[in-house]
Amino acid sequence: MYNTGPTTGGGSETHQFLEQLKKAMDGKYHAIHSYENMADYAPNSREQNRILEIRKDEINHYKQFSYIFTSLTGKEYTPKIDKKYPESYVKALNEAFIDEQNTTDFYLEMSDFPIYPQIRRVFRRAAADEQNHAVWFLYFLMGRQMKSSFRFNDKWYI
Ligand SMILES: [Fe+2]
């Protein structure tokens, strides 16, 4: 439990942090479901396994965020479910890349909240993971782009 060494600047900052934490959990919950769906459409097992590894990170983050929320409030948060998925695998990759990039910034902002050092560390680590996920999704997108660019006379030039 995060009950030692508080450095919060007051109730309103904690309230603001909790609102951001709920938003982070909603996003995480969506990513967990969305990546499960995306993995089903991956073009090969290597890409599929990587997406499932990324999904495992998202589950770990979700558990950590949930633990923080319960530690600070004594309550459990039920995330809002958004089951809308992109209509194609490429769109899903693109959306995931942009989401991971934005989430990196969002978590870094959250790690700046004047709150417990342990919580700051969780968000800094999660931001680093998100940046890593973004790079993987970009790599998958680039791979698809290159395949279509280098196909000529029914031969692959990569
Ligand atoms: Fe991620």
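Read in full-length UniProt numbering, the sequence shown has 42 at position 42, and its numbers run on one by one without any break.
All C-beta atoms, glycine included, are put in the ideal place defined by N, C-alpha and C.
- Under the 8 Å Cβ criterion, the region 93-111 counts as touching the region 126-136, having at least three qualifying pairs.
- In this structure, DSSP gives ALA42 a state outside helix and strand, which the three-state scheme calls coil.
- Residues whose Cβ lies closer than 7 Å to any heavy atom of ligand 1, listed in chain order: ALA31, ILE54, ASP57, GLU58, GLU100, THR103, ASP129, GLU130 and HIS133.
- Under the rule that a run must span 4 or more residues, the alpha helix (DSSP H) segments found entirely inside the region 24-96 read 45-73.
- Residue burial annotation: GLY74 is exposed, with fewer than 16 other C-beta atoms found within 10 angstroms of its C-beta.
- Within the model, the alpha-carbon separation for HIS15 versus MET25 is close to 15 Å.
- Taking a cut-off of 8 Å for Cβ pairs, the region 17-31 and the region 89-106 touch, as three or more such pairs fall below it.
- Linking GLU47 to PHE140 through their CA atoms gives a straight-line distance of about 8 Å.
- With 16 or more other Cβ atoms inside 10 Å of its own Cβ, VAL122 counts as buried.
- The beta carbons of GLU13 and PRO114 sit about 7 Å from each other, so the pair counts as a contact at 8 Å.
- Per DSSP, reduced to three states, the secondary structure at ILE119 is helical.
- ASN132 and LYS80 have their C-alpha atoms spaced approximately 25 Å apart.
- Here MET38 is not near ILE59, since their CB atoms are 8 Å or more apart.
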